[in-house]
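Asks: For the sequence shown, the numbering used here begins at 21 and goes up steadily by one.
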Amino acid sequence: MSIHLHWFLPTGGDGRTLVDRHAYTDGGIKRSRITPVSGIRAPDIDYLAQIAKAAEHLGFEAVLTPTGTWCEDSWLTTVALAQQTERLKFLVAFRPGLISPVLAAQMAATYQRVTRGRLLLNVVTGGDSTEQRRFGDHLDHDRRYARTAEFLSVVRGVWGGRPYDFDGEHYQVEGGLTALPPDPLPEIFFGGSSAAAGPVAAEHTDVYLTWGEPPAQVKEKIDWIRGLAEERGRTVRFGIRMHTISRDTAKDAWATANRLLDDLDPETVAAAQRALGKSESVGQQRMLALHGGSRDRLEIAPNLWAGVGLVRGGAGTALVGSHADVADRIEEYHELGIEHFVLSGYPHLEEAYWFGEGVTPQLAARGLLAQVPASPLLGVPAVNGRPASAPGGAPLLLSGGR
């Protein structure tokens, strides 16, 4: 089992800080909408293209795009970026229930033809009723997961190439058909930590995603989903979603992590924790429990830092350390059964280079990558008698300072 490395496309905005990175909203954190904040990068197509091209150049297999109110539409953005890249795949997040499953199946088929097979699907059921109602969805938490199960049944059914009938609680389809099914069929990624989510993952998905919890907790989730899948005669693969801060030395990496906290005053953290605490997502509550809103013990496991989760929802942990440290932790998760690593960092352009030039060669040297990317600096002249691509070299920056 090889490791698949993926990066993140910040279609809600990016920056050098945990607060104010979104261009359109504060995510529930009080801030001025008038006073400019330094270091914020709007998610315009030119900047997103820089990240996508960097990810492809550095050997990442795909980039994940978020979904929701405060980011650009993932389908439209990624199909545009596919025209500016050659091999990079797009892990497109979308919410079932907001469009017809037959239409979603048709969109995926078209996407595969337009991009020549570069679509992966990330099904996001949704853990925030306020956000769901904003899109006209009024189902409660468990019924949303029941609808997701029906949605995926229909999607896979109409991909079969023959008229498909379905009569469920949420969908009734007569003769559903994707005239030209996608080739290849997109892999379906899915995450959820609640009792309602487990059976959906076991029955319908290819890759189960968990957020970056300590290894022991991740193993519990893997065992849980694997057991449910085996009961259904299926095999599910596993992935993890987390941030990274990798540097030439552990000291530099932890200094960078600490700098991300510099502009977080107690009121900002408290406001964020109150907003995040309202989430119905069991996974989000597990993220909050890792730090309890306190800065006292943010290293919750070796090289696993929960500082991001003080103010940001979703993936709240980061792997922090030297390139070898981060590679060690990735290898540890891989030994538990994690195959897909969906990574990110602030800012996403620079952190892609830190990881791609520092950690990826370590993983390749350990024989963990199916395809070893060429050195990003191949052919760059030597400096001071040492090749620019040698381990420990500073990453090539495409924009911005550190």
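We put the beta carbon where it would ideally sit given N, CA and C, even for glycine.
Could you tell me the alpha carbon to alpha carbon distance between P396 and E377, rounded to whole angstroms?
Replies: Residue confidence for P396 is low, a pLDDT of 48 falling below 50, so the modelled location carries little weight; the figure read from the coordinates is stated next. Distance between the alpha carbons of P396 and E377: 7 Å.
Asks: Mark V174 as exposed unless 16 or more other C-beta atoms lie within 10 angstroms of its C-beta, in which case mark it buried.
Replies: Buried is the call here.
Asks: Would you identify the three-state DSSP class for Q152, choosing helix, strand or coil?
Replies: Q152: helix per DSSP, three-state reduction.
Asks: Whose CA, out of R246, R107 and S314, lies closest to the CA of L139?
Replies: Checking every option, the nearest Cα to that of L139 belongs to R107.
Asks: In the DSSP assignment, find the unbroken beta strand (DSSP E) run with V362 in it and report its ends.
Replies: Taken as a continuous stretch (DSSP letters only), the beta strand (DSSP E) holding V362 covers I358 to S364.
Asks: Beta-carbon within less than 7 Å of W274's beta-carbon, same chain only, minus the 5 sequence neighbours each way: which residues are those?
Replies: Correct list, in chain order: V340.
Asks: Which residues in the same chain as L330 place their Cβ atom closer than 6 Å to its Cβ, once the five residues preceding and following it in sequence are excluded?
Replies: Once the five neighbours on either side are set aside, the close Cβ partners of L330 are V289.
Asks: Expressed to the nearest angstrom, what Euclidean distance is found between the alpha-carbon atoms of V122 and P286?
Replies: When rounded, the distance between both Cα atoms is 47 Å.
Asks: For the stretch 192-209 against the stretch 238-245, do three or more pairs of beta-carbon atoms, one drawn from each stretch, fall closer than 8 Å, so that the two count as touching?
Replies: In short, these stretches do not touch, since the Cβ pair count stays below three.
Asks: Span of the alpha helix (DSSP H) holding F210?
Replies: F210 -> not in any alpha helix (DSSP H); beta strand (DSSP E) instead, spanning I208 to G211.
Asks: What first and last residue would you give for the beta strand (DSSP E) that runs through Y184?
Replies: From DSSP, the beta strand (DSSP E) with Y184 extends over Y184 to D187.
Asks: Whose C-beta lies closer than 7 Å to the C-beta of Q382 among residues of the same chain, with five residues either side of it excluded?
Replies: So the qualifying residues of the chain are H343, A344 and A347.
Asks: So is R133 buried or exposed if we call it buried at 16+ other beta carbons inside 10 Å?
Replies: With fewer than 16 Cβ atoms within 10 Å of its Cβ, R133 is classed as exposed.
Asks: Give, in chain order, every unbroken run of the alpha helix (DSSP H) that is at least 4 residues long and sits entirely within the stretch 84-159.
Replies: Qualifying alpha helix (DSSP H) stretches, in chain order: 94-102, 121-135 and 149-154.
Asks: From what residue to what residue does the alpha helix (DSSP H) around E194 run?
Replies: Element bounds for E194: not the alpha helix (DSSP H) but the beta strand (DSSP E), Q192 to G196.
Asks: Work out the CA separation of A129 and G195 for me, nearest whole Å.
Replies: Cα-Cα distance, rounded: 17 Å.
Asks: Starting from A217, trace the alpha helix (DSSP H) both ways and give me its first and last residue.
Replies: That run of the alpha helix (DSSP H) goes A217 to H224.
Asks: Would you mind sorting K109 into buried or exposed? The rule is 16 or more other CB atoms within 10 Å of its CB.
Replies: Per the 10 Å Cβ criterion, buried.
Asks: Classify D316 as helix, strand or coil using the three-state DSSP reduction.
Replies: Coil at D316, not helix or strand.
Asks: Looking at the unbroken alpha helix (DSSP H) that takes in L248, where does it start and where does it end?
Replies: First-last of the alpha helix (DSSP H) with L248: P235 to E251.
Asks: Can you list, in chain order, the residues of its chain whose CB lies under 8 Å from that of R154, leaving out five sequence neighbours each side?
Replies: Answer for R154: T89, listed in chain order.
Asks: Helix, strand or coil: which one does DSSP assign to V289?
Replies: Looking at V289 - three-state DSSP - the assignment turns out to be helix.
Asks: Would you kindly check if the distance between the Cβ of L111 and the Cβ of V143 is under 8 Å?
Replies: Contact: no.
Asks: Measure how close the beta-carbons of L388 and S22 come, nearest whole angstrom, since I'm counting them as under 8 Å.
Replies: About 6 Å; that satisfies the 8 Å criterion.
Asks: Let me make sure I understand the geometry here. Which of I119, T105 and P30 has the alpha-carbon closest to that of T85?
Replies: Looking at the Cα atoms, P30 is the closest of the given residues.
Asks: How big is the Cα-Cα spacing for T37 and L281?
Replies: Between T37 and L281, the C-alpha separation is close to 8 Å.
Asks: Would you please state the rounded distance, in angstroms, between the beta carbons of N323 and R349? I believe it to be under 8 Å.
Replies: Contact holds; Cβ gap of about 5 Å.
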